[in-house]
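Numbering (UniProt numbering), first residue to last: 1 to 292. Glycine included, every Cβ here is placed at the ideal spot set by N, Cα and C. Right, one structure below, let's go through it.
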């Protein structure tokens, strides 16, 4: 009978530990993913901003020397990430591929213009900067016009600001939820030992002596949960980097390492604080209150 009771108690204890580790791992995993989003939010927004194209259309009278000089000056500019010269013949081929038919069969000639596609650095993709660059380019007498999608730029910049704000708000809320969930799981685990705590207190054990094994046990569970969360984060980060290689998610290993260390430390700190508070509560309870 005694053996069966001990087995039942051991099973309950293992189940309690498992639920605590699982709770910690899931919460830290989601918190880590949110951390990755925060760290890479600017990188992602910069990537999309740099897809915006400013197109400089050249006049038919533009000389090769003038075109080359313009390309060289653009390439050396601080605001330019990359440029690409597109001849009218290349533009016709691109349009033919997009439409699935040769429009020159109907028109009889190629009405398109030679152009230079300019990809700007993310910090310069604003309406003010684009307007300034556009005016500078159109001041040259061999440039016909400069076009870019101003509405898209404004929409993108507005959305980046909104997303950044809400990511910070959600990060704060989620961190609070994470602390509460882990704290709740640990309190349940300590609750199952409340009679043991009170018995030790009644035979003269100090609060620090009683609290120490509970804290160390919870810290060990926190470490296990953090390791599980970090393994999950590493797998997700690996596949995201493989799928979206152009974002270079692993280009800054220092930040990635700091994030992983932060998640690991958070698992230890939260479990330590939560256990300290939970044990303190039961240490301060009267014996009659343990049954409620």
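For the alpha helix (DSSP H) containing residue 60, list its first residue and its last residue. Here residue 60 refers to the residue found at position 60 of the chain shown. Where residue 60 is concerned, there is no enclosing alpha helix (DSSP H), given that its DSSP letter is neither H nor E.
DSSP three-state call for residue 143: helix, strand or coil? The residue given as residue 143 occupies position 143 in the chain shown. Reduced to three states, the DSSP call for residue 143 is strand.
Check whether residue 276 and residue 215 have beta carbons under 8 Å apart: Here residue 276 refers to the residue found at position 276 of the chain shown. Here residue 215 refers to the residue found at position 215 of the chain shown. The beta carbons of residue 276 and residue 215 sit closer together than 8 Å.
Name the DSSP bridge partner or partners of residue 85? Here the question's residue 85 lines up with position 85 in the chain shown. Beta-bridge pairing links residue 85 to 116.
In whole angstroms, what separates the C-alpha of residue 87 from that of residue 93? Position 87 of the chain shown, counted from the first residue, corresponds to residue 87. Position 93 of the chain shown, counted from the first residue, corresponds to residue 93. Roughly 10 Å separates the two Cα atoms.
Within the same chain, show all residues whose beta-carbon is closer than 8 Å to that of residue 2, passing over the 5 residues directly before and after it, in chain order. Taking the chain shown and counting its residues from 1, one reaches residue 2 at position 2. Because residue 2 sits at a pLDDT of 48, beneath the cut-off of 50, its placement in the model cannot be relied upon, and the point is left open.
C-beta atoms of residue 116 and residue 70 nearer than 8 Å: On the chain shown, residue 116 is found 116 positions in, with the first residue counted as 1. On the chain shown, residue 70 is found 70 positions in, with the first residue counted as 1. In terms of Cβ geometry, residue 116 and residue 70 form a close pair [threshold 8 Å].
Is residue 184 near residue 271, with beta carbons less than 8 Å apart? Here residue 184 refers to the residue found at position 184 of the chain shown. Here residue 271 refers to the residue found at position 271 of the chain shown. For residue 184 and residue 271, no; Cβs fall outside 8 Å.
Taking residue 28 as the reference, give the member of 44, 248, 176 with the closest Cα. Walking along the chain shown from the start, residue 28 turns up at place 28. Nearest option by C-alpha distance: 176.
Beta-carbon within less than 7 Å of residue 202's beta-carbon, same chain only, minus the 5 sequence neighbours each way: which residues are those? Position 202 of the chain shown holds residue 202. Taken in chain order, the list of residues that qualify is empty.
Rounded Cβ spacing between residue 142 and residue 68 (contact assumed at less than 8 Å): Against the chain shown, residue 142 aligns to sequence position 142. Against the chain shown, residue 68 aligns to sequence position 68. Their Cβ separation, rounded to whole angstroms, is 12 Å, which puts residue 142 and residue 68 out of contact at 8 Å.
Boundaries (first-last residue) of the alpha helix (DSSP H) holding residue 207: Reading the chain shown from its first residue, position 207 is the one you call residue 207. From DSSP, the alpha helix (DSSP H) with residue 207 extends over 207-243.
Exposed or buried, what is residue 279 when buried is set at 16 or more other beta-carbons lying within 10 Å of its beta-carbon? What you label residue 279 is simply residue 279 of the chain shown in a count that begins at 1. Buried is the call here.
Quick one: what's got a C-beta closer than 8 Å to residue 26's C-beta in the same chain, skipping five residues either side? Locating residue 26 in the chain shown gives position 26, counting from the first residue. Counting only residues of its own chain and dropping the five nearest sequence neighbours on each side, residue 26 has a CB closer than 8 Å to the CB of 229.
According to the neighbour-count rule (16 or more other Cβ atoms, all chains shown, within 10 Å of its Cβ), is residue 193 buried or exposed? The count along the chain shown starts at 1 and reaches residue 193 at position 193. With 16 or more Cβ atoms within 10 Å of its Cβ, residue 193 is classed as buried.
In three-state DSSP terms, what is residue 250? For this step, residue 250 is matched to residue 250 along the chain shown. Assignment of residue 250 by DSSP, reduced to helix, strand and coil, places it in the coil class.
Tell me whether residue 205 is buried or exposed, calling it buried when 16 or more other Cβ atoms sit within 10 Å of its Cβ. What you label residue 205 is simply residue 205 of the chain shown in a count that begins at 1. Burial call: exposed.
Exposure of residue 148, with buried meaning 16 or more beta-carbon neighbours within 10 Å: As a working mapping, residue 148 is identified with position 148 in the chain shown. Classification of residue 148: buried, given that the 10 Å Cβ count is 16 or more.
Which residues in the same chain have their Cβ closer than 7 Å to the Cβ of residue 77, if we skip the five residues on either side of it in sequence? Start at 1 with the first residue of the chain shown, and residue 77 comes out as number 77. Excluding sequence positions up to five before and after residue 77, its CB lies less than 7 Å from no other CB in the same chain.
Does residue 31 pass the burial test, meaning 16 or more other C-beta atoms within 10 Å, or should it be called exposed? The residue given as residue 31 occupies position 31 in the chain shown. Residue 31 should be labelled buried.
Around the C-beta of residue 265, are 16 or more other C-beta atoms found within 10 angstroms, so that it is buried, or is it exposed? Position 265 of the chain shown, counted from the start, is the residue given in the question as residue 265. Exposed: under 16 other Cβ atoms inside 10 Å.
Cβ separation of residue 49 and residue 122, assumed to be a contact under 8 Å, to the nearest whole Å: Position 49 of the chain shown, counted from the start, is the residue given in the question as residue 49. Position 122 of the chain shown, counted from the start, is the residue given in the question as residue 122. Rounded, the Cβ-Cβ distance is 4 Å, consistent with contact.
Does the distance between the C-beta of residue 96 and the nearest non-hydrogen atom of the ligand PLP fall short of 7 Å? The model depicted lacks the ligand PLP and carries no ligand whatsoever.
Same chain, Cβ closer than 8 Å to residue 154, five either side skipped, listed in chain order: The residue given as residue 154 occupies position 154 in the chain shown. Only 127 meet the Cβ criterion.
Using a 10 Å radius around the Cβ and a threshold of 16 neighbouring Cβ atoms, would you call residue 40 buried or exposed? Position 40 of the chain shown holds residue 40. That one is buried.
Just to confirm, is the Cβ distance from residue 210 to residue 231 under 8 Å? Working through the chain shown from its first residue, we reach residue 210 at position 210. Working through the chain shown from its first residue, we reach residue 231 at position 231. No, the Cβ-Cβ distance between residue 210 and residue 231 is not below 8 Å.
Is the beta carbon of residue 34 sitting closer than 8 Å to the one on residue 174? Taking the first residue of the chain shown as position 1, residue 34 is located at position 34. Taking the first residue of the chain shown as position 1, residue 174 is located at position 174. Cβ atoms of residue 34 and residue 174: closer than 8 Å.
Hey, could you find the ends of the alpha helix (DSSP H) residue 130 is sitting in? To locate residue 130, count along the chain shown from 1; it is residue 130. DSSP places residue 130 inside the alpha helix (DSSP H), whose first and last residues are 127-138.
Residues near residue 66 by beta carbon distance below 8 Å, same chain, minus five either side: On the chain shown, residue 66 is found 66 positions in, with the first residue counted as 1. Excluding the 5 residues flanking it on each side, residue 66 has same chain C-beta neighbours closer than 8 Å at 140, 142, in chain order.
Element boundaries [alpha helix (DSSP H), containing residue 121]: The residue given as residue 121 occupies position 121 in the chain shown. It is not in any alpha helix (DSSP H) - residue 121 carries neither H nor E in the DSSP assignment.
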